[in-house]
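Here my numbering is used: the first residue of the sequence shown is 10, the next is one more, and so on.
Since the structure comes first, as structure tokens, the remarks are kept for the end.
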Amino acid sequence: MKKVTTAFTIDTLGQIPTGQRNVLRAITLLVSCWDAQLLAHCEQVARELLALAPAGEEEEWFWAGLLHDVGKIGIPAHILCKRGKLTRKEKQVVCQHPIRGAVLLKSIDAPQTVVLGVKHHHARWDGAGYPSNVAGDQIPMVARVLAVADTFTVLTSERPYHHALGHTEARLEIERYAGTQFDPQVVERFFQRMRDEGGRMKDEVGRMKDTCTARRALQCRCEV
């Protein structure tokens with residue numbers, strides 16, 4: 010059986026101090042207590058980042074993935090799980106989660122890579138993302154990869170506002186936004202790794218009944 014990497018096995022890499030890692034673990038437990046489903050999503054994203062991280066930075070990238078949505082703690086469930094369109098005020102609340110998460114992690118002296126990944130994971134390649142208007146190469150690489158991994162995981166999972174896509178459909182939707190929402194080279198690398206692993210692009214998660222809902226999820230990522 011393939012070993013699953015979690016916050017409690019990643020310490021084998023030994024790339025950040027034990028004390029710092031223990032604090033990050035404690036925050037992970039807080040996320041789990043707040044929303045176990047959110048943590049499950051974050052663990053899947055973290056494993057994607059671990060597989061794509063530069064040599065020597067694997068643990069920091071893993072933590073960036075695992076804690077990328079920590080800023081959602083405290084946001085009411087009726088907003089995060091709303092089936093209909095968010096109001097302007099609700100969008101403003103949700104779109105603050107990258108900053109909230111980054112501030113929390115910076116306050117505990119988390120590695121800079123983790124803080125930057127969390128802060129900018131909703132940045133867009135064309136500069137139209139949030140919470141700031143950073144664009145292109147100004148976006149930290151960890152955040153560019155995190156944006157693709159996060160979106161792929163969202164699209165292939167059941168959500169209150171859309172059904173799960175199969176892997177091929179999710180790839181096609183993300184590729185539509187390469188060069189605008191996502192770094193095109195990161196998109197290519199992300200799916201090339203899946204092709205290299207073999208079999209991961211099979212439609213094993215389910216199919217969209219209405220593809221426009223997937224495009225809504227991509228175009229309005231401050232709602233996911």
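Beta carbons are placed, not taken as given, at the ideal position from N, Cα and C, and that holds for glycine.
Problem - Short Cβ contact (8 Å threshold) for P107 with K128 - result: Yes. Within cutoff.
Practice task
Give the DSSP-derived three-state secondary structure of H172 in the structure shown.
Solution key: coil
Practice task
Could you tell me the boundaries of the alpha helix (DSSP H) in which L61 lies?
Solution key: A45 to L61
Handout entry: Bounding residues of the alpha helix (DSSP H) (the contiguous stretch that carries E197)
Key = For E197, the enclosing alpha helix (DSSP H) starts and ends at P193 to E206.
Exercise for the section: For K211, count neighbouring C-beta atoms within 10 Å of its own C-beta (all shown protein chains included) and say buried if the count is 16 or more, exposed if not. Expected result: Low confidence applies here, because K211 scores a pLDDT of 47, under 50, leaving its location unreliable; read the following figure in that light. Only exposed fits K211, as fewer than 16 other CB atoms lie within 10 angstroms of its CB.
Exercise for the section: Decide yes or no for the touch test of the segment 72 to 83 against the segment 36 to 43: beta carbon pairs closer than 8 Å, at least 3 of them. Expected result: yes
Problem - Close-in-space but distant-in-sequence residues of the same chain around D159 (CB under 7 Å, 5 per side omitted) - result: Answer for D159: V54, H77 and H130, listed in chain order.
Handout entry: For L113, the nearest candidate out of L89, G83 and E57 (CA to CA)
Key = G83
Handout entry: Under the three-state DSSP convention, the category A187 falls into
Key = strand
Practice task
Spell out a yes or no on whether the segment 139 to 149 and the segment 93 to 100 are touching, meaning 3 or more CB-CB pairs, one atom from each, closer than 8 Å.
Solution key: no
Practice task
Run the CB neighbour count on D219, radius 10 Å, all protein chains shown included, and call it buried at 16 or more, exposed below.
Solution key: Model confidence at D219 stands at a pLDDT of 40, short of 50, so the residue's coordinates are unreliable and nothing is read from them.
Practice task
Could you pull the start and end residues of the alpha helix (DSSP H) that W72 belongs to?
Solution key: From DSSP, the alpha helix (DSSP H) with W72 extends over E67 to L75.
Handout entry: Straight-line gap, L48 to G74 (C-alpha atoms, nearest Å)
Key = In this structure, the CA atom of L48 is about 10 Å from the CA atom of G74.
Handout entry: Option nearest T27 by Cα separation, candidates A64, H50, E68 and E52
Key = E68
Exercise for the section: For T162, name the three-state secondary structure that DSSP assigns. Expected result: helix
Exercise for the section: Return the first residue and the last residue of the alpha helix (DSSP H) that E99 is part of. Expected result: R97 to V103
Exercise for the section: Please state whether DSSP places D146 in a helix, a strand or coil. Expected result: It is helical.
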